[in-house]
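Taken in order, these protein sequences are the chains called H and Z.
Residue -6 is where the first sequence starts when you use the numbering used here, and the numbers rise one by one after that.
Residue -6 is where the second sequence starts when you use the numbering used here, and the numbers rise one by one after that.
Number of protein chains: 2
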Amino acid sequence: MLQDENVKSPQECADCPIRHRAVCARCEADELEALEQVKYYRNFEAGQTVIWSGDTMDFVGSVVSGIATLTQTMEDGRTQMVGLLLPSDFVGRPGREGAAYDVVATTDMVMCCFRKKPFEQLMEKTPHIAQRLLEMTLDELDAAREWMLVLGRKTAREKIASLLTIIARRDATLNLRPAEGALVFDLPLTREAMADYLGLTLETVSRQISALKRDGIIHLEGKRHVTIPDFSRLMEEAGDDSDGGMLA
Amino acid sequence: MLQDENVKSPQECADCPIRHRAVCARCEADELEALEQVKYYRNFEAGQTVIWSGDTMDFVGSVVSGIATLTQTMEDGRTQMVGLLLPSDFVGRPGREGAAYDVVATTDMVMCCFRKKPFEQLMEKTPHIAQRLLEMTLDELDAAREWMLVLGRKTAREKIASLLTIIARRDATLNLRPAEGALVFDLPLTREAMADYLGLTLETVSRQISALKRDGIIHLEGKRHVTIPDFSRLMEEAGDDSDGGMLA
DNA sequence: GGCCCTCTTTGACCCAGATCAAGCGCGCGA
DNA sequence: TCGCGCGCTTGATCTGGGTCAAAGAGGGCC
């Protein structure tokens, strides 16, 4: 397995692409200064494991670019993805020793890491960090609960449509485009990873994607490049409330 | 439908049964004082709805006694429970207008409510509250993610065993008994509510409970009174990691 | 250019859990 | 005391998605 390389920051916080969305979003200049003291960047390659569940973590941090997944595995190998980490998402839990889940980079990824101890101390003194972290955690809790509905009650077709909906929305927000009408994006996940997210098998994922394609809900170029001609039709397929579908 | 009655506090915070576990757990005497200014108690009867999803909430609060559920419903009626609120659990989200889920009391229940606006202001000034809320939210996020594994990957039998495990543990902590060896408790949920939690039908819940009974994993007196002769056997059935199974 | 490896698609068949349908039993109100 | 209703159990049957199997489709490396 390749060793990741700790590289010096290629940039200042000031022109960081996730400056206004990550844990540091509310920080003032002096608070950022303090964070910079304990921060460093790490690069991961697609497929590389960031942390194994149970390992002790000596850092927390934010995804700067790329995508990672949070997964849980049972002894017999059944696995369930419990989170999808996109740029600005936070990794790790202040106040906890070990990692609770496996974190794996699914694309090349850059993380902005903070040494855990000093970060925790900083949090005590800097309400702006704790406030933002609370806000982000509440959002993640909402996302997790929405996902519980998907896992518990939706059909395979609805599950796929729900996942596409989420990826399309996140992609749109990231690129500051409205999530409506026609959308184009690349799937950041393999069929197997989608299956792990959705509580399905990869065969079922493949079949349902083919079905959605056949029905004209989506178009595919290659395996990964998706075009959604009509986003509201996709949302109907997802069984979501048929409102405007605005994002948080 | 019966109207709930707003009653004056039957007790001081000082001798509140959830004093050391709720949002107020870390508060000093003077901070408690401030909280008391904006707090009031509400009683709910079994079956009564606390809030409907989408309703505007003018309060947040803690469950003092009794049990409530958090559920999400699709237009066609499919419902998924996304949270089980036991004593000391927090209801509502600071900074959000409307409720995101239906909250229903499944037993008679007492809530300690805080008027939302003043509570939010208090949170700004009182890091102890925000800190504790962050901690509780992180715990809930962990619980939600553990539940995602249950919903996505476990069999019906494992799901039932998992639910019993959780209820038994929570009951044990609440009553300050260790979760090991033989355990006795009452199910706080109907078969239908269990089905909604587990992403199953009530028939399947009933059948699997009968099966666990037949196999001697559990004993039943009446429909609700459960005895677990050997907790570790139940945990095996749940497919959980077979460690000591300590609680958070 | 050819080979191999990983990701994906598609087909055939099977089974866990859903659905449909009876019936039981306990508690409550008349 | 009766009977009604709700929560629960159990049986019979159906089906969506899992399992097993085979083969296409890139893409990178020699």
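Beta carbons: idealized from backbone N, C-alpha and C, even for Gly.
Asked: I'd like the span of the alpha helix (DSSP H) that includes SER199 (chain H), first residue to last.; Found: 195 to 207
Asked: Where GLN(-4) (chain Z) and TYR190 (chain Z) are concerned, what is the direct C-alpha to C-alpha distance, given to the nearest angstrom?; Found: With a pLDDT of 39 at GLN(-4) (chain Z), under the threshold of 50, the predicted position of this residue should be treated as unreliable, though the coordinate-derived value follows. Taking the straight line joining both Cα atoms gives about 27 Å.
Asked: Taking 9 Å as the cut-off, decide whether the C-beta atoms of ILE221 (chain H) and VAL177 (chain H) are in contact.; Found: yes
Asked: Show which residues of chain H have a CB atom less than 7 Å away from the CB atom of LYS86 (chain Z).; Found: Here residue 86 (chain Z) is Arg; the residue named in the question, Lys, does not match the sequence. Simply LEU131.
Asked: Could you list which residues in chain H have their beta carbon closer than 8 Å to that of ASP135 (chain Z), in chain order?; Found: ALA93
Asked: Cutting at 8 Å between CB atoms, please list the residues of its own chain near ARG86 (chain H), excluding the five before and the five after it.; Found: VAL53, ALA93
Asked: Using C-beta distances below 7 Å, list every residue in its chain close to PRO111 (chain H), excluding the 5 sequence neighbours before and after it, in chain order.; Found: VAL31
Asked: Which residue spans inside the segment 71 to 158 of chain Z form an unbroken beta strand (DSSP E) run of at least 3?; Found: 72 to 78, 95 to 98, 102 to 108
Asked: Run through chain Z and tell me which residues come within less than 9 Å of ARG71 (chain H), C-beta to C-beta.; Found: LEU142, GLY145, ARG146, LYS147, GLY232
Asked: Measuring only the C-alpha atoms, how far is VAL75 (chain H) from LEU134 (chain H)?; Found: 11 Å
Asked: What's the C-alpha gap between PHE89 (chain H) and ASP51 (chain H)?; Found: One point to set straight first is that residue 89 (chain H) is Arg, not Phe, in the sequence displayed. Spanning the two alpha carbons is a distance of roughly 10 Å.
Asked: Which same chain residues end up closer than 8 Å to SER199 (chain Z) when comparing Cβ atoms and leaving out the 5 residues on each side of it in sequence?; Found: ARG184
Asked: Please name the residue in Z:GLU29, Z:ALA204, Z:ILE11 whose C-alpha comes closest to that of PHE107 (chain Z).; Found: Z:GLU29
Asked: Could you check if TRP140 (chain Z) is buried or exposed, using at least 16 other CB atoms within 10 Å of its CB as the buried criterion?; Found: buried
Asked: Does DSSP classify LEU28 (chain Z) as helix, strand or coil?; Found: helix
Asked: Evaluate GLU196 (chain H) with the Cβ neighbour count: other Cβ atoms within 10 Å of its Cβ, from every protein chain shown; 16 or more gives buried, anything less gives exposed.; Found: exposed
Asked: In the DSSP assignment, the alpha helix (DSSP H) including LEU191 (chain Z) goes from what residue to what residue?; Found: 184 to 191
Asked: Do VAL57 (chain H) and ILE11 (chain H) have their CB atoms nearer than 9 Å?; Found: yes
Asked: Taking the continuous alpha helix (DSSP H) assigned at LEU227 (chain H), which residues delimit it?; Found: 224 to 231
Asked: How about MET239 (chain Z): is its C-beta nearer than 9 Å to some C-beta of chain H?; Found: The pLDDT assigned to MET239 (chain Z) is 45, lower than 50, so where the model puts this residue is not dependable; a value taken from the coordinates is nonetheless given after this. No, MET239 (chain Z) does not count as interfacial toward chain H.
Asked: Under a Cβ-count criterion, where at least 16 other Cβ atoms within 10 Å of its own Cβ denotes burial, should ALA161 (chain H) be classed as buried or exposed?; Found: buried
Asked: From this set, H:HIS218, H:ARG14, H:LYS147, H:LEU182, which residue's C-alpha is nearest GLU230 (chain H)'s C-alpha?; Found: H:LYS147
Asked: Kindly indicate which residue of Z:LEU193, Z:TYR33, Z:LEU167, Z:ARG150 has the alpha-carbon position closest to the one of LYS206 (chain Z).; Found: Z:ARG150
Asked: Ends of the beta strand (DSSP E) at SER46 (chain H)?; Found: Neither: SER46 (chain H) is in no beta strand (DSSP E) and is coded neither H nor E.
Asked: When you compare the segment 35 to 45 of chain H with the segment 97 to 106 of chain H, are there three or more beta-carbon pairs, one atom per stretch, that lie closer than 8 Å?; Found: yes
Asked: Quick check on this structure: which residue in Z:LYS109, Z:ARG226, Z:LEU142, Z:GLU117 has the alpha carbon closest to the alpha carbon of THR158 (chain Z)?; Found: Z:ARG226
Asked: Should LEU167 (chain Z) and PRO80 (chain Z) be called a contact, given that it needs their Cβ atoms to be closer than 9 Å?; Found: yes
Asked: Measure the alpha-carbon distance for GLU117 (chain Z) versus ILE153 (chain Z) and round it to whole angstroms.; Found: 41 Å
Asked: Grab me the residues of LEU78 (chain Z)'s own chain with a C-beta within less than 8 Å of its C-beta, minus the 5 sequence neighbours each way, in chain order.; Found: VAL56, ILE60, ALA61, THR62, LEU63, VAL84, VAL96
Asked: Taking the DSSP output, what are the residues bridged to ASN36 (chain H)?; Found: H:VAL103
Asked: With 16 other CB atoms within 10 Å as the buried threshold, where does GLY70 (chain Z) fall?; Found: exposed
Asked: How would you call ARG170 (chain H), buried or exposed, if buried means at least 16 neighbouring beta carbons within 10 angstroms?; Found: exposed
Asked: Distance check for LEU131 (chain H) and THR119 (chain H), CA to CA, integer angstroms please.; Found: 19 Å
Asked: Is the shortest distance between the beta-carbon of VAL75 (chain Z) and the beta-carbons of chain H less than 9 Å?; Found: yes
Asked: Quick one, are the C-beta atoms of ARG138 (chain Z) and ARG19 (chain Z) less than 9 Å apart?; Found: no
Asked: List the DSSP bridge partners of ASP220 (chain Z).; Found: Checking the sequence shown, residue 220 (chain Z) turns out to be Thr, not Asp. Its beta-bridge partners are Z:VAL177, Z:HIS212.
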